[in-house]
Each structure stands twice: as C-alpha cells, then as structure tokens.
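> Residue numbers (our numbering): 850 to 976.
Ideal placement from N, C-alpha and C gives every residue a C-beta, glycine not left out.
Questions regarding the structure given below will be posed in turn.
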C-alpha cells in the first residue's frame with residue numbers, strides 16, 4: 850500500500866515537472882505612491898478614458914509606463930462599475946425597507962384606530 854502511494858505521488862510530481870516553463874516572467878505588482886494615486890484619481894474624476902497623448906503625458910509626469918497607466922484606468926473603471934452596482938442594490942434595499950416600514954406603520958395606525966373605536970363604543974367591536 851505504501852509503495853503504491855509513493856508511486857502515485859511520484860507520478861503527480863512528474864506531471865508538474867514536465868510542464869513547459871512560462872516564457873516570460875510576470876511583472877510584480879506596482880505599488881503606486883500616494884502622489885501618483887492622487888494625480889490618477891484627480892484625472893479620473895473628469896476623464897474616464899484617456900487618449901494616447903493624454904496617457905503619454907500622465908505616464909511621463911508620474912514616472913510610470915503607458916501600460917501601468919492603461920491598467921490603472923481599466924482597474925479604476927471596473928471598480929467604479931462595481932461600486933455603482935453595489936449602490937443600486939443599496940438603494941433598492943432602502944426602498945424595500947421603507948415600504949415595509951410604511952406598511953408596518955399603517956398596520957399599527959389601524960390597530961390604534963380599532964382600539965379607539967372599541968373604547969368609544971364601550972368595548973364592543975359591533976354596535
């Protein structure tokens with residue numbers, strides 16, 4: 850049993866060893882400075898998409914590559930879309946809760962009115 854287990858583990862290891870190695874190593878994640886983020890966010894406020902010349906200008910001014918600026922804007926647009934969808938859900942939830950609260954208030958008002966009518970009639974629900 851142990852022998853079979855070792856062979857199985859060894860064959861699994863061989864599967865990974867025989868994989869072709871990636872040709873290009875991925876670039877590590879860029880850590881933007883606070884100043885770079887501030888400038889990128891400032892530009893994003895009024896311009897969601899950049900022309901190639903705008904992209905070159907920003908990249909040069911902030912010491913970033915064009916690819917970094919492109920990626921930052923793509924990611925920022927995706928974040929904006931997610932935030933807007935979440936906000937829509939929150940608004941819908943508030944509408945539902947508000948309608949539910951109004952319904953409960955109406956039920957409560959009806960119960961108060963019913964008690965008042967019963968009290969005014971001497972306690973009997975029907976005359």
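Measuring CB atoms only, is the segment 937-944 touching the segment 894-905, in the sense that at least three cross pairs come out at less than 8 Å?
no
> Closest to residue 880 by C-alpha separation, out of 919, 913, 894, would be which residue?
913
> Can you give the Cα-Cα distance for residue 956 and residue 930, rounded to whole angstroms?
39 Å
> Please state whether DSSP places residue 948 in a helix, a strand or coil.
It is helical.
> Would you mind reading off the limits of the alpha helix (DSSP H) that contains residue 908?
Judged by DSSP secondary structure, residue 908 falls within the alpha helix (DSSP H) whose first and last residues are 901-911.
> From the DSSP output, in three-state form, read off residue 893 for me.
helix
> According to the neighbour-count rule (16 or more other Cβ atoms, all chains shown, within 10 Å of its Cβ), is residue 907 buried or exposed?
buried
> To the nearest angstrom, report how far apart residue 886 and residue 876 are at their CA atoms.
19 Å
> Mind checking residue 945: buried by the 16 CB within 10 Å criterion, or exposed?
exposed
> Does the separation of the CB atoms of residue 925 and residue 952 fall below 8 Å?
No, Cβ-Cβ distance for residue 925 and residue 952 is not below 8 Å.
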